[in-house]
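*Asks:* In the numbering used here, the protein residues as written are 511 to 819.
Glycine included, C-beta positions come from ideal geometry on N, C-alpha and C.
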Amino acid sequence: MARQDFRERLASGRPLLLDGAMGSELQRRGVYVSHGATEEKLGAWSATAMRDAPGTVRDVHEDYFKAGADIATTNSFWTNAIKLGLVGLADKAAAYTRLSGEIAVEARDRLRPEAYVAGGMAPPHGGRAPVDPIDLPREFAMQAHALKEGGVDLLLVEYIGHVEDIVAAVDAVAPAGLPIMIGLRHITDGGDMQNGDSFERLVGALGSRTVDAILLMCSSPAAISAGLPKLRRAFPGPIGAYPNIGYARAATPLAGEQQWHSLDTTSYTPDLMAEDGRAWLAMGAQIVGGCCATTPDHIAALRAIMPTG
Ligand SMILES: [Zn+2]
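#1: For alanine 814, which option in Arg519, Leu526, Gly750 has the closest C-alpha, if you only look at C-alpha atoms?
#2: By alpha-carbon positions, which one of Asn590, Val677, Leu520 ends up nearest to tyrosine 626?
#3: Answer with buried or exposed for glycine 540, where buried requires no fewer than 16 other C-beta atoms within 10 angstroms of its C-beta.
#4: Can you tell me whether isoleucine 692 is buried or exposed, with buried defined as 16 or more other CB within 10 angstroms of its CB?
#5: I'd like the ranges of any beta strand (DSSP E) spanning at least 3 consecutive residues and lying wholly in the segment 741 to 798.
#6: Cutting at 6 Å between CB atoms, please list the residues of its own chain near alanine 628, excluding the five before and the five after it.
#7: By alpha-carbon positions, which one of Tyr606, Ala789, Leu621 ends up nearest to glycine 576?
#8: For the beta strand (DSSP E) holding valine 627, just list the boundary residues, first then last.
#9: Using 8 Å as the threshold, is the C-beta distance between leucine 726 and isoleucine 755 below it?
#10: Measuring from the CB of asparagine 590, is there a heavy atom of ligand 1 at a distance below 7 Å?
#11: Taking the continuous alpha helix (DSSP H) assigned at alanine 811, which residues delimit it?
#12: Are the Cβ atoms of glycine 787 and leucine 764 separated by less than 8 Å?
#13: Would you say the beta carbon of asparagine 754 comes nearer than 7 Å to a heavy atom of ligand 1?
#14: Just how far apart, CA to CA, sit threonine 775 and alanine 803?
#15: Kindly identify the DSSP beta-bridge partner or partners of alanine 582.
#16: Report the start-end ranges of each alpha helix (DSSP H) in the segment 557 to 622 that is 4 residues or longer and not cut off at the edges.
#17: Taking the alpha carbon of alanine 751 as the reference point, which residue from Thr720, Ala792, Met631, Thr762 has its own alpha carbon closest?
#18: First and last residue of the alpha helix (DSSP H) that includes methionine 652?
#19: Under the DSSP definition of a beta bridge, which residues are partnered with alanine 723?
#20: Identify whether glutamate 668 lies in helix, strand or coil by the three-state DSSP scheme.
#21: CB alanine 600 to CB alanine 591, shorter than 8 Å?
#22: Using CA atoms only, rank isn't needed, just tell me which of Ala651, Arg695, Asn585, Leu657 is closest to valine 680.
Next comes the structure, spelled out in structure tokens:
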């Protein structure tokens, strides 16, 4: 099947299945993703897998495509000069970012040519606070350019939560000329943005900028269920969700090659994910998938409940 233009595909209203976790999945497969971590901060995270284990990155993409994913996100979450600089690899940022696109596109072309590749990126300083008016626009512009060179179909600016950062991010990546999806992180239990901001304030601040879809991500399934109806009221375009299902700070202090996160891929089963996925589709989500700790089995379970045709 030929691949439809992504914006036309969104406009058709048909649901799209996003893939699942990359970083935690690399960890589950034995890749060390805690280079540069300190007791307080996560370090370069999955960015170093572009040096250490590009074949495993490819394997993860393959397994998500085999599970039926319609969109894969590249392993470029933190392949920026700030995070890679923590481990002496700042000068590799553009090359690793581009390679993450090439690996995902190659897997897509081989296994599921009708699917899409989203070039992912997250705020280079982690996005907690304060708002980052300098490094974020520069690194996002670099990543958008490198991901486009790598052949991606769209961009996914994710793990972001400050309204000002989101507006700056959209301005930084728009010149690449690709569709843009935003993944809002750490939705509160009450279903609002990370620091209590409303989705209305975000949509107002974005004004006439083109944002092709807004998704809630890296939040508990319950928080996503609370947030989606609020997002639906605030934003008229396509919406979606991909939850974090069990990824916690490992016990401190860090010792040796201990991973920064402890990984729980068992308590939130694929069946539970299918149940929640059904509910999110009913709330108006057009795009569903998984964030931290989800596996290809979770994505296969979502595939089974996605409407077809
Ligand atoms: Zn996550």
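*Replies:* Here's the rundown:
#1: Looking at the Cα atoms, Leu526 is the closest of the given residues.
#2: With respect to the C-alpha of tyrosine 626, the residue from Asn590, Val677, Leu520 having the closest C-alpha is Leu520.
#3: Glycine 540 should be labelled exposed.
#4: Buried: at least 16 other Cβ atoms inside 10 Å.
#5: Within the segment 741 to 798, the complete beta strand (DSSP E) runs of at least 3 residues are 749 to 752, 757 to 759, 771 to 773, 795 to 798.
#6: Contacts found: Ile581, Thr583, Leu664, Leu666.
#7: Reading the sequence as shown, one finds lysine at residue 576 and not glycine. Closest option to lysine 576, Cα to Cα, is Leu621.
#8: Where valine 627 is concerned, the enclosing beta strand (DSSP E) stretches over 626 to 631.
#9: Judged by their CB atoms, leucine 726 and isoleucine 755 are not nearer to each other than the 8 Å cut-off.
#10: No, ligand 1 has no heavy atom inside 7 Å of this Cβ.
#11: Annotation: the continuous alpha helix (DSSP H) that includes alanine 811 extends over 806 to 815.
#12: At the C-beta level, glycine 787 and leucine 764 stay beyond 8 Å of one another.
#13: Yes, the Cβ of asparagine 754 comes within 7 Å of a heavy atom of ligand 1.
#14: Their Cα atoms are separated by approximately 5 Å.
#15: Note: alanine 582 sits in a beta bridge opposite Val627.
#16: Contiguous alpha helix (DSSP H) elements confined to the segment 557 to 622 occur at 559 to 562, 564 to 576, 591 to 595, 603 to 621, taking only those with 4 or more residues.
#17: Measuring from the Cα of alanine 751, the nearest candidate turns out to be Ala792.
#18: Where methionine 652 is concerned, the enclosing alpha helix (DSSP H) starts and stops at 645 to 659.
#19: Answer is Met691, bridged to alanine 723.
#20: Reduced to three states, the DSSP call for glutamate 668 is strand.
#21: Contact: yes.
#22: Nearest option by C-alpha distance: Ala651.
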